[in-house]
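> Protein chains in written order, with this note's numbering: chain A, 1 to 199; chain B, 200 to 531.
A virtual CB, placed ideally from N, CA and C, is assigned to each residue, including glycine.
Remember, it's a predicted structure, so these values are computed and weren't measured experimentally.
Shown below is the structure under consideration.
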């Protein structure tokens, strides 16, 4: 029996769920068992941070692929990728709170307020939180035109994420620069939209 | 002074851990004449490694003879973590890179030259490093500028003994240190991206009174054995009241100077890393707080290991007098 288009989409969605969850759970499992290098906290923060950025890049690649390269079926995966991006960012933030500063709320708040790269990271988190809440179909329908406007804020998120990554490294900036370049390419596909905002 | 040399049959107690015994099993097999069998077994052993994630230690360390120090209340960082979580950009910037990229490092022959403002310049060869001075164990806290810390049983001798042997002139005000430069052995020096974009050779410096302080150690070993390459074999500096980057590794040159020498991290980012780099909970790194630190021992992700950072890393009684009248906010 030939696989229908729906089944095909479903299979890819299951694969995305599987990959994102298995990788995440696996890392935490290793870290809990002290089996993720000498400092599992640092390892978890790096994994969830880079993972979130990768998922953000993937979700922002969908629209250009659909619009310019006509991979129309890809549109089905955009929301899922965006939601997993948020899950990884949430894991990143909660791991920082729980395992890095270990619920020292004073330190946690001070760091977010005083360190610019932490502030940028936190703003990006809040935006992604709003985007996640409003991705529920019912809310999306109620929001009508303002939904699209709100979801354009994701472009700010990728800029903030680039700065956050760039400022967090100690000396070698190659990797953050590669991510910033990819972000710029993704933004360049939206130059007309962005241009309208800044006019 | 009574120098206690342990008899040959006596194994230092810190070697009597499951892990280090486990680690030495191949050496043990070899010494028992099982080399042939070992070679036959190695392919399957490698495939097992993939599952057990056992680090592949191929660099051979030797047991040292030294005066032991009592552990007291401190909890040591396990040897497996001390040798696998390193900042040694010559071998790569990720914490696991130094371990993974340094196992073939050659420490013999080695030359350490002591020169500059001295009456008696000396060159130490590989064997001199462990035989010229009586070795003693020093259990020190190591506080990294990145706000994590370890407790490590070093083996070594006081830098002051070495300086005394070279007979410093009264003009000697500073001591400069230099790491080996050998891009063939150190991939981080051959490739700018791997090496984190810092300029090599790595250089560090101390004031002569800091260098002469009894705490300042030239370490040739840890956990009772000679240093593995990732920890700075065959000889490194350990300055326990300063951030870890001051404790320069794999030293080939020590030069006594009239003026303050340049230091690697200060050259790279002077606003973040000063010449003194004393551990100081009151002066933050521009990008993070230095008020507390995570002590790396055991326990995985859930370990409650955040502790308050102490002034001079808790060594104030021994070193605070060196900085009387110095503004430590300006001279960070």
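1) Note down, one range per segment and in chain order, each alpha helix (DSSP H) of at least 4 residues found wholly within the segment 433-504 of chain B.
2) Compare the C-alpha of residue 17 of chain A against each of A:88, A:44 and A:38 and name the closest.
3) Would you list the one or two residues that DSSP bridges to residue 339 of chain B?
4) Taking the CB atoms as reference points, tell me whether residue 494 of chain B and residue 479 of chain B lie closer together than 8 Å.
5) Can you say whether residue 449 of chain B is buried or exposed, counting buried as having 16 or more other CB atoms within 10 angstroms of its CB?
6) Short of 7 Å in beta carbon distance, which residues of its chain neighbour residue 52 of chain A, apart from the five on each side in sequence? Order them along the chain.
7) Can you check whether the C-beta of residue 493 of chain B is within less than 8 Å of a C-beta belonging to chain A?
8) Residue 60 of chain A to residue 186 of chain A, Cα distance in whole Å?
9) Please list the residues of the segment 17-35 of chain A that have a C-beta atom closer than 8 Å to any C-beta atom in chain B, keeping them in chain order.
10) Assess, as a yes-or-no matter, whether the segment 379-387 of chain B is touched by the segment 318-334 of chain B under the definition of 3 or more beta carbon pairs within less than 8 Å.
11) Residues of chain A with a CB under 8 Å from the CB of residue 497 of chain B: which are they?
12) Does the Cβ of residue 23 of chain A lie closer than 7 Å to at least one heavy atom of the ligand ZN?
13) Quick test of your reading: residue 418 of chain B and residue 513 of chain B, contact by CB under 8 Å. State the CB separation rounded to the nearest angstrom.
14) Please return the same chain residues whose Cβ sits closer than 6 Å to the Cβ of residue 415 of chain B, not counting the five positions on each side in sequence.
15) Using the C-alpha atoms, what's the distance from residue 348 of chain B back to residue 423 of chain B?
16) In chain order, what residues of the segment 109-124 of chain A put their CB closer than 9 Å to some CB of chain B?
17) Could you tell me the alpha carbon to alpha carbon distance between residue 497 of chain B and residue 318 of chain B, rounded to whole angstroms?
18) Does chain A have any CB closer than 8 Å to the CB of residue 448 of chain B?
19) Using a Cβ distance threshold of 8 Å, determine whether the segment 480-493 of chain B contacts the segment 386-399 of chain B, with at least three qualifying pairs required.
20) Taking the alpha-carbon of residue 339 of chain B as reference, which of B:282, B:268 and B:452 has the nearest alpha-carbon?
21) To test your reading of the DSSP string, which unbroken alpha helix (DSSP H) runs of 4 or more residues are found completely within the segment 44-120 of chain A?
22) So the candidates are B:526, B:402, B:509 and B:334; which of them puts its Cα closest to the Cα of residue 266 of chain B?
23) If the cut-off is 7 Å on Cβ atoms, which residues from the segment 335-356 of chain B count as contacting chain A, listed in chain order?
24) Residue 10 of chain A: buried (16+ other C-beta within 10 angstroms of its C-beta) or exposed?
25) Can you tell which of A:162, A:15, A:27 and A:20 has the C-alpha that lies nearest to the C-alpha of residue 183 of chain A?
26) In chain order, what residues of the same chain lie with their CB nearer than 7 Å to the CB of residue 43 of chain A, ignoring the 5 residues before and after it?
27) Within 10 angstroms of its Cβ, does residue 435 of chain B collect 16 or more other Cβ (buried), or is it exposed?
For this structure:
1) Qualifying alpha helix (DSSP H) stretches, in chain order: 463-467.
2) A:88
3) Paired residues: B:351.
4) no
5) The residue in question, residue 449 of chain B, is buried, as its Cβ has 16 or more Cβ neighbours within 10 Å.
6) 85, 88, 89 and 92
7) yes
8) 7 Å
9) 28, 31, 32, 33, 34 and 35
10) no
11) 34
12) Absence of the ligand ZN from the depicted structure is noted, as is the absence of any ligand whatsoever, leaving it without description.
13) With a Cβ gap of about 19 Å, residue 418 of chain B and residue 513 of chain B do not count as contacting.
14) 358 and 438
15) 20 Å
16) 110, 111, 114, 115, 116, 117 and 118
17) 48 Å
18) no
19) no
20) B:268
21) 78-95 and 105-114
22) B:334
23) 347
24) exposed
25) Measuring from the Cα of residue 183 of chain A, the nearest candidate turns out to be A:162.
26) 31, 36 and 37
27) Buried: at least 16 other Cβ atoms inside 10 Å.
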